[in-house]
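Numbering (my numbering), first residue to last: 282 to 467.
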């Protein structure tokens, strides 16, 4: 047999009713509203806003940046160099095919633009897109600097349109990424 101790004595008499809870204070804040998800269920946050315009600018700038690699960057005596050629600086240093890095940056920007287009505004993707667009802008300035430096080293020739188009494409991609970042949830 097991021994069960008796219950503790109650100080309240059985005729007394339990005490009701105190009334809500004047500082009581109601809970936030519950948002409906796209399937009618309860969701914690509203859906991500669509950022199709900004994402399209970002992808368009990336495509033009990649195309600018194959446009003429430097012309001398009937010969045309594009971004896949090596450029010489005035200090006799070689800048090896700066357009190859432009192709990489263009692919990354296009991927970020596509992710933004399909998924809506995602803060992390938008911040990475802005950072990558700024990096692309700096490297596009290096591209036109390489063409100008080669022109100065050779003493003749002209800077082609490809490096200039690359700078414009970098600005378009930057404006698209800023547009994606600026979109807010409602």
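Every residue gets a Cβ at the ideal spot worked out from N, C-alpha and C, and that includes glycine. Remember, predicted model here, so these are calculated numbers, not experimental data.
Pairwise C-alpha distance: residue j and residue i
i	j	result
residue 418	residue 428	16 Å
residue 331	residue 453	19 Å
residue 359	residue 435	14 Å
residue 383	residue 463	26 Å
residue 366	residue 352	11 Å
residue 411	residue 426	23 Å
residue 356	residue 343	25 Å
Residue i and residue j closer than 9 Å at C-beta
i	j	result
residue 444	residue 387	no
residue 392	residue 338	no
residue 457	residue 340	yes
residue 414	residue 376	no
Where the beta strand (DSSP E) containing residue i begins and where it ends
i	result
residue 354	Element bounds for residue 354: n/a, residue is neither H nor E.
residue 361	360-362
heavy atom of the ligand ADP below 8 Å from residue i C-beta
i	result
residue 455	Ligands displayed in this structure: none; no statement on the ligand ADP is therefore possible.
Simplified DSSP state of residue i, which is helix, strand or coil
i	result
residue 368	strand
residue 345	helix
residue 415	helix
residue 461	helix
Determine contact between the stretch 432-440 and the stretch 399-411, defined as no fewer than three beta-carbon pairs at a distance below 8 Å.
no
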